[in-house]
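Residue numbers (our numbering): 1 to 191.
Positions of the beta carbon are idealized from the N, C-alpha and C atoms, including for glycine.
Predicted model only: the values in this text are computed from it and were never measured.
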Amino acid sequence: ANLRDYDKAIDYMQQSLSIDLEIQDRRGEGRVLGNLGIAYEGQGRYTEAIDYCKQSITISREIGDYQQEGNALGTLGSTLIELEQYSEALKCWHTAIEIFRKIQDPLGERNTLANLGNAYYFMRDYVKATEYYEQSLMITRKIKDSQGEEQVLLNLSNSYCSLGDYVKAIAYNQQHLALVQATLQQMRRSL
(Lines of atoms letter the chains of each structure in order from A and count residues from 1; the text may use other names and numbers.)
(Lines give C-alpha, C1' and ligand atoms only; values in the text may rest on other atoms or scores of the structure.)
Protein backbone atom coordinates (compact mmCIF):
# COMPACT_ATOMS: atom_id res chain seq x y z
CA ALA A 1 0.00 0.00 0.00
CA ASN A 2 1.03 3.55 -0.61
CA LEU A 3 2.43 5.31 2.47
CA ARG A 4 0.30 8.35 1.66
CA ASP A 5 -2.79 6.14 1.87
CA TYR A 6 -1.74 5.07 5.37
CA ASP A 7 -1.13 8.69 6.33
CA LYS A 8 -4.57 9.67 5.07
CA ALA A 9 -6.18 6.73 6.86
CA ILE A 10 -4.36 7.58 10.08
CA ASP A 11 -5.54 11.18 9.82
CA TYR A 12 -9.17 10.05 9.46
CA MET A 13 -8.81 7.57 12.31
CA GLN A 14 -7.35 10.27 14.56
CA GLN A 15 -10.37 12.44 13.77
CA SER A 16 -12.67 9.54 14.56
CA LEU A 17 -10.81 8.88 17.80
CA SER A 18 -11.30 12.50 18.85
CA ILE A 19 -15.04 12.17 18.27
CA ASP A 20 -15.20 8.85 20.16
CA LEU A 21 -13.39 10.45 23.10
CA GLU A 22 -15.68 13.47 23.03
CA ILE A 23 -18.88 11.42 23.04
CA GLN A 24 -17.33 8.82 25.38
CA ASP A 25 -17.85 5.91 22.99
CA ARG A 26 -15.47 3.37 24.56
CA ARG A 27 -16.27 0.65 22.01
CA GLY A 28 -15.56 3.04 19.13
CA GLU A 29 -12.41 4.23 20.87
CA GLY A 30 -11.11 0.66 21.30
CA ARG A 31 -11.83 -0.22 17.70
CA VAL A 32 -10.22 2.92 16.27
CA LEU A 33 -7.15 2.36 18.44
CA GLY A 34 -6.92 -1.17 17.03
CA ASN A 35 -7.23 0.16 13.48
CA LEU A 36 -4.48 2.67 14.19
CA GLY A 37 -2.33 -0.27 15.31
CA ILE A 38 -2.98 -1.98 11.96
CA ALA A 39 -2.12 1.18 10.02
CA TYR A 40 1.10 1.83 11.91
CA GLU A 41 2.12 -1.83 11.54
CA GLY A 42 1.50 -1.49 7.80
CA GLN A 43 3.87 1.46 7.73
CA GLY A 44 6.52 -0.42 9.67
CA ARG A 45 6.13 1.93 12.63
CA TYR A 46 6.10 -0.88 15.15
CA THR A 47 6.48 1.12 18.38
CA GLU A 48 3.33 3.10 17.59
CA ALA A 49 1.53 -0.05 16.43
CA ILE A 50 2.30 -1.81 19.71
CA ASP A 51 1.17 1.18 21.74
CA TYR A 52 -2.17 1.50 19.93
CA CYS A 53 -2.80 -2.26 20.06
CA LYS A 54 -2.15 -2.36 23.80
CA GLN A 55 -4.51 0.57 24.35
CA SER A 56 -7.16 -1.18 22.27
CA ILE A 57 -6.72 -4.42 24.23
CA THR A 58 -7.03 -2.61 27.55
CA ILE A 59 -10.25 -0.84 26.57
CA SER A 60 -11.70 -3.93 24.92
CA ARG A 61 -11.10 -5.97 28.08
CA GLU A 62 -12.64 -3.25 30.25
CA ILE A 63 -15.86 -3.16 28.23
CA GLY A 64 -16.03 -6.84 27.22
CA ASP A 65 -15.56 -6.30 23.48
CA TYR A 66 -14.06 -9.73 22.90
CA GLN A 67 -14.07 -9.45 19.12
CA GLN A 68 -11.91 -6.33 19.22
CA GLU A 69 -9.68 -7.77 21.91
CA GLY A 70 -8.98 -10.80 19.71
CA ASN A 71 -8.39 -8.61 16.67
CA ALA A 72 -6.01 -6.30 18.54
CA LEU A 73 -4.13 -9.28 19.99
CA GLY A 74 -3.77 -10.60 16.44
CA THR A 75 -2.32 -7.32 15.20
CA LEU A 76 -0.04 -7.09 18.23
CA GLY A 77 1.21 -10.62 17.51
CA SER A 78 1.92 -9.74 13.88
CA THR A 79 3.81 -6.64 14.96
CA LEU A 80 5.87 -8.54 17.52
CA ILE A 81 6.79 -11.12 14.86
CA GLU A 82 8.20 -8.29 12.73
CA LEU A 83 10.42 -7.43 15.71
CA GLU A 84 11.37 -11.12 16.09
CA GLN A 85 9.75 -11.24 19.54
CA TYR A 86 8.40 -14.71 18.87
CA SER A 87 7.44 -15.86 22.37
CA GLU A 88 5.43 -12.68 23.01
CA ALA A 89 3.72 -12.96 19.63
CA LEU A 90 2.82 -16.60 20.30
CA LYS A 91 1.29 -15.61 23.66
CA CYS A 92 -0.85 -12.98 21.95
CA TRP A 93 -2.08 -15.43 19.33
CA HIS A 94 -2.81 -18.20 21.82
CA THR A 95 -4.93 -15.76 23.83
CA ALA A 96 -6.64 -14.60 20.64
CA ILE A 97 -7.49 -18.20 19.70
CA GLU A 98 -9.13 -18.73 23.08
CA ILE A 99 -11.19 -15.59 22.55
CA PHE A 100 -12.22 -16.47 19.00
CA ARG A 101 -13.27 -19.95 20.13
CA LYS A 102 -15.22 -18.49 23.04
CA ILE A 103 -17.16 -16.09 20.80
CA GLN A 104 -17.39 -18.67 17.99
CA ASP A 105 -15.57 -16.63 15.35
CA PRO A 106 -14.19 -19.25 12.94
CA LEU A 107 -12.57 -16.70 10.63
CA GLY A 108 -10.65 -15.08 13.50
CA GLU A 109 -9.64 -18.52 14.75
CA ARG A 110 -8.56 -19.65 11.27
CA ASN A 111 -6.47 -16.53 10.68
CA THR A 112 -4.80 -16.83 14.07
CA LEU A 113 -4.01 -20.51 13.54
CA ALA A 114 -2.45 -19.60 10.18
CA ASN A 115 -0.39 -16.88 11.89
CA LEU A 116 0.82 -19.42 14.44
CA GLY A 117 1.73 -21.76 11.59
CA ASN A 118 3.66 -18.98 9.90
CA ALA A 119 5.50 -18.09 13.10
CA TYR A 120 6.56 -21.67 13.73
CA TYR A 121 7.56 -22.00 10.09
CA PHE A 122 9.82 -18.94 10.39
CA MET A 123 11.26 -20.40 13.60
CA ARG A 124 11.95 -23.60 11.60
CA ASP A 125 9.66 -25.71 13.80
CA TYR A 126 8.00 -27.34 10.81
CA VAL A 127 6.15 -29.97 12.84
CA LYS A 128 4.27 -27.34 14.85
CA ALA A 129 3.82 -25.18 11.76
CA THR A 130 2.19 -28.11 9.99
CA GLU A 131 -0.10 -28.81 12.98
CA TYR A 132 -1.39 -25.24 12.98
CA TYR A 133 -1.76 -25.14 9.21
CA GLU A 134 -3.77 -28.40 9.34
CA GLN A 135 -6.11 -26.90 11.97
CA SER A 136 -6.44 -23.76 9.88
CA LEU A 137 -7.26 -25.83 6.79
CA MET A 138 -10.06 -27.68 8.61
CA ILE A 139 -11.73 -24.41 9.56
CA THR A 140 -11.11 -22.89 6.13
CA ARG A 141 -12.90 -25.78 4.47
CA LYS A 142 -15.69 -25.71 7.05
CA ILE A 143 -16.43 -22.03 6.30
CA LYS A 144 -15.93 -22.62 2.56
CA ASP A 145 -13.30 -19.92 2.02
CA SER A 146 -11.63 -21.04 -1.22
CA GLN A 147 -9.24 -18.07 -1.34
CA GLY A 148 -8.08 -18.76 2.20
CA GLU A 149 -7.85 -22.45 1.36
CA GLU A 150 -5.47 -21.70 -1.52
CA GLN A 151 -3.05 -19.98 0.85
CA VAL A 152 -3.25 -22.65 3.54
CA LEU A 153 -2.67 -25.42 0.98
CA LEU A 154 0.41 -23.60 -0.28
CA ASN A 155 1.65 -23.16 3.30
CA LEU A 156 1.12 -26.87 3.97
CA SER A 157 2.96 -27.81 0.79
CA ASN A 158 5.93 -25.66 1.84
CA SER A 159 5.85 -26.99 5.38
CA TYR A 160 5.80 -30.66 4.32
CA CYS A 161 8.57 -29.93 1.83
CA SER A 162 10.65 -28.48 4.68
CA LEU A 163 9.97 -31.65 6.68
CA GLY A 164 11.20 -33.72 3.73
CA ASP A 165 7.78 -35.31 3.24
CA TYR A 166 7.65 -34.72 -0.49
CA VAL A 167 4.65 -36.98 -1.10
CA LYS A 168 2.46 -34.85 1.16
CA ALA A 169 4.05 -31.66 -0.17
CA ILE A 170 3.15 -32.65 -3.73
CA ALA A 171 -0.36 -33.72 -2.69
CA TYR A 172 -1.06 -30.34 -1.08
CA ASN A 173 0.52 -28.54 -4.01
CA GLN A 174 -1.77 -30.46 -6.40
CA GLN A 175 -4.81 -29.54 -4.28
CA HIS A 176 -3.66 -25.92 -4.39
CA LEU A 177 -3.25 -26.04 -8.16
CA ALA A 178 -6.70 -27.63 -8.65
CA LEU A 179 -8.31 -24.93 -6.53
CA VAL A 180 -6.52 -22.14 -8.42
CA GLN A 181 -7.58 -23.65 -11.75
CA ALA A 182 -11.21 -23.89 -10.56
CA THR A 183 -11.10 -20.25 -9.47
CA LEU A 184 -9.72 -19.20 -12.87
CA GLN A 185 -12.47 -21.15 -14.66
CA GLN A 186 -15.12 -19.40 -12.55
CA MET A 187 -13.56 -16.04 -13.34
CA ARG A 188 -13.54 -16.77 -17.08
CA ARG A 189 -17.20 -17.81 -17.00
CA SER A 190 -18.19 -14.58 -15.26
CA LEU A 191 -16.48 -12.41 -17.93
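Beta carbon of residue i nearer than 7 Å to that of residue j
| i | j | result |
| --- | --- | --- |
| I97 | T79 | no |
| G34 | Q68 | yes |
| A169 | C161 | yes |
| A72 | S56 | yes |
| G37 | Y6 | no |
| G70 | F100 | yes |
| S159 | T130 | yes |
| L163 | Y126 | yes |
| P106 | I139 | yes |
| R26 | I81 | no |
Buried/exposed call for residue i, threshold 16 Cβ in 10 Å
| i | result |
| --- | --- |
| R124 | exposed |
| D65 | buried |
| G44 | exposed |
| E29 | buried |
| L113 | buried |
| V32 | buried |
| M13 | buried |
| G117 | buried |
| I143 | exposed |
| V167 | exposed |
| I19 | exposed |
| I10 | buried |
First and last residue of the uninterrupted alpha helix (DSSP H) at residue i
| i | result |
| --- | --- |
| K144 | Run containing K144: none; DSSP gives neither H nor E here. |
Inter-residue spacing [alpha-carbon to alpha-carbon] between residue i and residue j
| i | j | result |
| --- | --- | --- |
| C207 | S190 | There is simply no residue 207 to check, as the chain begins at 1 and stops at 191 in what is shown. |
| T47 | A182 | 42 Å |
| S16 | A89 | 28 Å |
| E150 | Q104 | 23 Å |
| L137 | R110 | 8 Å |
| L154 | A119 | 15 Å |
| Q135 | Q147 | 16 Å |
| K8 | Q175 | 40 Å |
| D145 | V152 | 11 Å |
| L184 | Y86 | 37 Å |
| N173 | Y133 | 14 Å |
| N115 | L177 | 22 Å |
| R188 | K128 | 38 Å |
Extract the residue ranges of the beta strand (DSSP E) inside the stretch 125–187, only unbroken runs of 3 or more that lie entirely within it.
Counting only runs of 3 or more, we get nothing.
Counting only runs that start and end within the stretch 43–130, where is the alpha helix (DSSP H) found for 4 or more residues in a row?
Counting whole runs of 4 or more residues, the stretch 43–130 contains the alpha helix (DSSP H) stretches 46–63, 66–82, 86–102, 106–122.
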